[in-house]
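Chemist: If you scroll down you'll find the structure; I have some questions about it.
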Amino acid sequence: MNFESDLSMCPRFAAATRHSRPDRFLVRDRHRRCNGLRPTRLLLVPVLAVAASLIAPGAVAVGGGLRDQDELWWVSTRHVGCAVADAAPPLHVERLEPERGWREASLDDLLSASGRDAILLVFVHGNRVSGAQSREEGQRVYQELTAGTSDATPVRFVIWSWPSSRVQGQLRDVRAKAQRTELEGYLLGWFLSQLPPTQRLSLLGYSFGARIATGALHLCGGGVLSGRTLPQTPSAPLPTRVVMLAAALPNTWLFPGAYHQCALPQLDHLLNLFNRCDPVLRRYHLLIKHSRATALGFSGMRVAELGNLARKIDQCDVSPSVQKSHELDNYLSDPCLRQRMADVLLWVAVP
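Each residue of the sequence shown is one higher than the last, beginning at 28 in the working numbering.
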């Protein structure tokens, strides 16, 4: 069954894209140094660059590689429209069985799986990833994070697959997906609210996936997102760690009084890997009309303004490693960055 949603059926997506129009393409060759790196020839198109890799790189199929103590799950919201009631949303769940491949399962199967010591690690992908690609990309991320680790703690790795397939028109596409992150934040927040209170939780969000993750945590903390609140919020924050890669949300949204203000108090630790050379997030302000917003994944946060919350946050400008790229592969291919992510997400190192 194909669970890919047609985003045009949702009035909110229509509203987000109705007034979009093609902009004139301005193409220039630039040779600039970034943090002392060797100049790279780029064709920078101000409008297309915003969309270009809020688009994910081509996913590469992988097979096997599942550790004996781990589980791999796929949760899809690709069939879920924007009219979501307070009742349990109809999430589609599958589990990877090593000898049989992906098999349909239930949400109860996922929530009751494994023991209390297992880490629940949720990976939320970025834009322009199909359902099949999300499985492949998620498996690859799982393998990169667990490769070489000697820790035997079981991991339930959940691939959160949201409707991010291409919408015609580059700027229209990213604006529609930005709108969809509001609903996805609610759906992921509802899922997290079903977890037992002692569950160790890790969230890995790439690009728009980071925006979905912080939206979900904001709702779990009692916040409101596009007029939505969770029917029931956790009585106490789950033990939670978050890693954000190239986060496509404004760099002020996690501040007290801001749009996702309830997210940070829900965390034990946040690792934000940002890139001041990201050619896509450099033009993030084009995503929001009449805005000068700067992406969190481009500039990082001004933690001095966060008071006691600042101790929960670790940030690193990864431009010397990732260079002029927005692609997930460039984060995963660096051994030092990969180890740093794994230490946080697998609860190996104590921040």
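Idealized CB from N, CA, C, for every residue including glycine.
Taking one C-beta from the region 327-342 and one from the region 276-294 each time, how about it: are there three or more such pairs within less than 8 Å?
Modeler: Touching, per the Cβ criterion.
Chemist: By alpha-carbon positions, which one of Asp-178, Gln-197, Ala-274 and Lys-204 ends up nearest to Pro-190?
Modeler: Closest option to Pro-190, Cα to Cα, is Lys-204.
Chemist: Quick one: using the 10 Å Cβ neighbour count with 16 as the cut-off for buried, is Val-375 buried or exposed?
Modeler: Exposed, because fewer than 16 other Cβ atoms sit within 10 Å of the Cβ of Val-375.
Chemist: Secondary structure at His-296, three-state DSSP: helix, strand or coil?
Modeler: Three-state DSSP puts His-296 in a strand.
Chemist: Mind checking His-245: buried by the 16 CB within 10 Å criterion, or exposed?
Modeler: Per the 10 Å Cβ criterion, buried.
Chemist: What is the rounded straight-line gap between the Cα of Val-156 and the Cα of Leu-313?
Modeler: Each residue's Cα considered, the two are about 22 Å apart.
Chemist: What separation, rounded to the nearest whole angstrom, lies between the Cα atoms of Gly-249 and Thr-256?
Modeler: Going from the Cα of Gly-249 to the Cα of Thr-256 covers about 7 Å.
Chemist: Rounded to whole angstroms, how far is the Cβ of Val-120 from the Cβ of Ile-146, which I believe are closer than 8 Å?
Modeler: About 18 Å separates the two Cβ atoms, so there is no contact after all.
Chemist: In the DSSP assignment, what are the bridge partners of Phe-301?
Modeler: Asp-344, per the DSSP bridge assignment.
Chemist: Using CA atoms only, rank isn't needed, just tell me which of Ile-186, Phe-235, Ala-174 and Phe-218 is closest to Asp-200.
Modeler: It is Phe-235.
Chemist: Less than 8 Å between the CB atoms is what I'm expecting for Trp-100 and Ser-188, so what's the real figure, rounded?
Modeler: About 10 Å; that fails the 8 Å criterion.
Chemist: In the DSSP assignment, the beta strand (DSSP E) including Gly-232 goes from what residue to what residue?
Modeler: Element bounds for Gly-232: 227-233.
Chemist: Going by DSSP in three states, Phe-150 sits in which element: helix, strand or coil?
Modeler: If DSSP states are grouped into helix, strand and coil, Phe-150 belongs with the strands.
Chemist: Based on Cα-Cα distance, which residue from Thr-225, Ala-273, Pro-224 and Gly-158 lies nearest to Trp-129?
Modeler: Ranking Thr-225, Ala-273, Pro-224 and Gly-158 by Cα distance to Trp-129 puts Gly-158 first.
Chemist: Pick out the complete beta strand (DSSP E) segments inside the region 247-271, 3 residues or longer, and give them in chain order.
Modeler: Counting only runs of 3 or more, we get nothing.
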